[in-house]
Amino acid sequence: MLFRQLFDQETWTYTYLIADETTGEAALVDPVLEQVERELQLVKELGLKLVLVLETHIHADHVTGAGRLRELTGARVAASAAGAPCVDRPVKDGEELALGGLSIQVLATPGHTDDSVSYRVGNKLFTGDALLIRACGRTDFQNGDAGQLYDAITRKLFTLPDETEVYPGHDYAGQTMSTIGEEKRHNPRLAGKSREWFIEFMNNRKLAPPKKLDVAVPANRACGKPAPAAQALS
């Protein structure tokens, strides 16, 4: 499997390129609209064909490049069936998507948002904003639920092999990856913490809304197409 980790400096977002080296079929996980040209250039240089765009959830901190990539390449957009209505391939927990000879397993991991999913490809796990490195996604908007997030992480993600590599949607401290074993041992919000403690902690956080919330959410429900100005302000 070919793998690349890409970064958007403005929004601290990681985008991931995965591809089957035998067939050249490629997928991008959580692309950012402003980085579409960069991603397409890399796909071209590596001799790949983009066939899938995988969204982990409806983002509130950046506008997705999914729709633009679909227009330019014909790639299909996949995301949770509980999320954006614009996707080509609504997915549910336990489903598998084919990427050449690779298998992409869908894991429903709600809690950050109600439509959050993670994707597992071999030993690599793309967790979006559910499980972060030594942290987790916030749960105070977009039908977030702290109890759901605790269950998704501890009862689903933490049951994967310890050596599973964790690639999050963001990191704000310069770290690029972790493992399930590391997060089980060292994540301060989860390691040795009860469900009750976690819910209380998450519900008592006082966080400012994401800067792009009012623009990003409606745009991302349309796969990255910005809403008309009047609608965005209403």
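For the sequence shown, this note's numbering assigns the number 69 to the initial residue and increments by one for each residue that follows. C-beta atoms are modelled at their ideal positions from N, C-alpha and C, and glycine is treated no differently. Since the structure is predicted, the reported quantities are computational estimates derived from the model, not experimental observations.
Neighbourhood of residue i by C-beta, 6 Å cutoff - its chain only, sequence neighbours within 5 removed
i: residue 103; result: 76
i: residue 225; result: 199
i: residue 303; result: In the structure displayed, the chain extends from 69 to 302; residue 303 sits before or after that span and is not available.
i: residue 299; result: Only weak support is given to the placement of residue 299: the predicted model assigns it a pLDDT of 38, under 50, and the question is left unresolved by the model.
i: residue 252; result: 226
i: residue 210; result: 181
i: residue 255; result: 202
i: residue 95; result: 86, 120, 122, 167
Beta-carbon gap between residue i and residue j smaller than 8 Å
i: residue 228; j: residue 198; result: no
i: residue 97; j: residue 83; result: yes
i: residue 270; j: residue 214; result: yes
i: residue 275; j: residue 219; result: no
i: residue 135; j: residue 154; result: yes
i: residue 105; j: residue 74; result: no
i: residue 87; j: residue 116; result: yes
i: residue 148; j: residue 180; result: no
i: residue 183; j: residue 280; result: no
i: residue 123; j: residue 145; result: yes
i: residue 239; j: residue 267; result: no
i: residue 175; j: residue 159; result: no
i: residue 150; j: residue 289; result: no
i: residue 127; j: residue 241; result: no
i: residue 273; j: residue 206; result: yes
Sequence-distant residues of the same chain with beta carbon closer than 7 Å to residue i, five excluded per side
i: residue 143; result: 118, 119, 120, 121, 137
i: residue 232; result: 191, 193, 247, 248
i: residue 93; result: 87, 117, 119, 167, 168
i: residue 263; result: 215, 218
i: residue 222; result: 258
Nonlocal neighbours in the same chain, by C-beta distance under 8 Å from residue i, ignoring five residues either side
i: residue 90; result: 168, 169
i: residue 292; result: 101, 131, 132, 133, 134, 135, 136
i: residue 302; result: For residue 302, the predicted model reports a pLDDT of 32, less than 50, meaning its position is unreliable; a value from the coordinates is still stated below. Nothing listed; no residue qualifies.
Distance between beta carbons of residue j and residue i, contact taken as under 8 Å
i: residue 141; j: residue 237; result: Not quite, the Cβ-Cβ distance comes to about 22 Å (not below 8 Å), so this is no contact.
Proximity test, residue i beta-carbon vs the ligand NAD heavy atom, cut-off 7 Å
i: residue 276; result: Only the bare structure without any ligand can be found here, which leaves the ligand NAD out of the picture.
The region 183 to 198 contacting the region 236 to 245, beta-carbon criterion three pairs below 8 Å: yes
Whole runs of the beta strand (DSSP E) within the region 83 to 113, excluding any shorter than 3 residues: Look at the region 83 to 113 and you find these whole runs of beta strand (DSSP E), each 3 residues long or longer: 93 to 97.
Runs of alpha helix (DSSP H) lying entirely within the region 156 to 213, each at least 4 residues, in chain order: none
Beta strand (DSSP E) runs wholly inside the region 210 to 265, at least 3 long, in chain order: 233 to 236
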